[in-house]
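Enquirer: Residue numbers (the working numbering): 8 to 232.
Glycine included, every Cβ here is placed at the ideal spot set by N, Cα and C.
Encoded as structure tokens, here's the structure I'll be asking about.
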Amino acid sequence: MSTEETWRGGAAERPWGAGAPSLDLPLSGVPAALEARFGPLGQGSRPATGKHASVALVLRPPSVHNEPALASAAELLVIRRAVHERDPWSGHMALPGGRMQHEDEDLLATAVRETMEETAVDLDAGGRPLGRVDVMRPAGRGLPAITIWPFVFQVEPATTAAVNAPHEVERVYWLPLTELVAESNQSVYSVTRQGVTLRFPCIRVEGEVIWGITYRIVQDLIRAF
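Right, dumping it as structure tokens:
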């Protein structure tokens with residue numbers, strides 16, 4: 008998913024200011040931190056108008072840790088989307104999620120269903136909703152007019168993920184939060200469109216590039232810590 012903003016800062020500029028976040032917040036404190044920054048969880052009751060989708064920020068604590076488990080030890084579930092000519096985010100790094108369907112009770116249910124369909128992670132059975140971050144709307148040329156609702160979940164340490172829908176997902180990753188905030192992984196991604204080169208902030212990790220609206224959603228999560 009691409010962002011609607013052109014980033015013109017230098018590679019050393021960071022959305023959180025000088026230095027990387029410490030991530031020293033206990034995972035048990037994440038719900039309160041998210042609510043303080045973004046408001047109560049809610050469930051995104053079915054909107055009356057417009058097109059809506061939701062994504063899941065799935066945090067997995069380590070299997071062995073000292074108490075309390077800290078955010079610095081957690082991993083985030085990220086996917087690489089399959090390549091499709093008609094998909095505006097074809098081949099991009101993304102979060103599991105998708106459009107709200109008629110059978111979904113609310114947008115939280117959309118995130119749960121899509122995560123299961125795409126990665127085989129059953130948030131209904133083994134996930135705990137922690138909160139949400141701000142809704143976002145793509146505004147780049149050629150992108151759909153849709154509102155995206157990001158919800159945060161925690162799963163058990165033994166949780167595994169797999170490509171459950173090869174036509175939608177090429178690969179799944181558990182990325183350590185420490186790698187997502189590491190200064191050495193912050194970079195710039197250049198996109199040339201109609202002869203104009205735009206530069207966007209990005210995270211380069213595991214040989215992949217996280218940029219655009221996925222980058223912005225991840226930054227919202229990190230800011231809560």
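Starting from T117 and walking both ways along the beta strand (DSSP E), at which residues does that stretch end?
Expert: No beta strand (DSSP E) holds T117; the alpha helix (DSSP H) holding it covers L114 to T126.
Enquirer: Buried or exposed: which applies to A152, given that a residue is buried once 16 or more other Cβ atoms fall within 10 Å of its Cβ?
Expert: By the neighbour-count rule (16 or more Cβ atoms within 10 Å), A152 is not buried but exposed.
Enquirer: Between A39 and E175, is the Cβ-Cβ spacing less than 8 Å?
Expert: No; because the gap between Cβ atoms is not below 8 Å, this pair is not in contact.
Enquirer: Tell me which residues share the same chain as L182 and place their Cβ nearer than 7 Å to its Cβ, disregarding the 5 neighbours each side in the sequence.
Expert: Excluding sequence neighbours, L182 sits near E82, L83, V85, V212 and E213.
Enquirer: Compute the beta-carbon to beta-carbon distance between P157 and T126, rounded to the nearest angstrom, for a pair I have assumed lies under 8 Å.
Expert: With a Cβ gap of about 16 Å, P157 and T126 do not count as contacting.
Enquirer: Spatial neighbours of N192 within its chain, please: C-beta separation below 7 Å, excluding the five flanking residues on both sides.
Expert: Correct list, in chain order: E186, I210, R211 and V212.
Enquirer: Just checking, does the stretch 65 to 74 make contact with the stretch 158 to 169 on the three C-beta pairs under 8 Å criterion?
Expert: The stretch 65 to 74 vs the stretch 158 to 169: in contact.
Enquirer: Please return the same chain residues whose Cβ sits closer than 6 Å to the Cβ of G17, not counting the five positions on each side in sequence.
Expert: With a pLDDT of only 41 at G17, under 50, the local geometry of the prediction cannot be trusted, and the value read off the model is given with reservation. Here the set comprises nothing.
Enquirer: Let me know the alpha helix (DSSP H) ranges lying completely inside the stretch 29 to 71, each 4 residues or longer, listed in chain order.
Expert: Listed in chain order, they are 37 to 45.
Enquirer: Using the three-state DSSP reduction, which class does T185 fall into: helix, strand or coil?
Expert: Three-state DSSP puts T185 in a helix.
Enquirer: Quick check: what's the CA-CA separation for H109 versus E190?
Expert: Each residue's alpha carbon lies about 42 Å from the other.
Enquirer: Apart from the five residues on each side of it in sequence, which residues of its chain come closer than 6 Å, Cβ to Cβ, to V216?
Expert: Within the same chain, V216 has close Cβ partners Y196 and C209.
Enquirer: With a threshold of 16 other CB atoms inside 10 Å of the CB of D31, please say whether the residue is buried or exposed.
Expert: D31 comes out exposed.
Enquirer: For the alpha helix (DSSP H) containing T221, list its first residue and its last residue.
Expert: Run containing T221: G219 to R230, per the alpha helix (DSSP H) assignment.
Enquirer: Helix, strand or coil: which one does DSSP assign to E82?
Expert: The answer is strand: DSSP assigns E82 an E or B state.
Enquirer: Which value, in whole angstroms, describes the spacing of the CA atoms of P95 and D141?
Expert: Those two C-alpha atoms are separated by around 22 Å.
Enquirer: Give me the Cα-Cα distance between I60 and V128, rounded to the nearest whole angstrom.
Expert: Reading the sequence as shown, one finds Ala at residue 60 and not Ile. Cα to Cα, the separation comes out at about 18 Å.
Enquirer: Please return the same chain residues whose Cβ sits closer than 6 Å to the Cβ of L130, not counting the five positions on each side in sequence.
Expert: Cβ neighbours of L130 beyond the five flanking positions: V119, T122 and F160.
Enquirer: According to the neighbour-count rule (16 or more other Cβ atoms, all chains shown, within 10 Å of its Cβ), is R178 buried or exposed?
Expert: Per the 10 Å Cβ criterion, exposed.
Enquirer: Count the other CB atoms within 10 Å of the CB of T117; is the residue buried (16 or more) or exposed (fewer)?
Expert: Burial call: buried.
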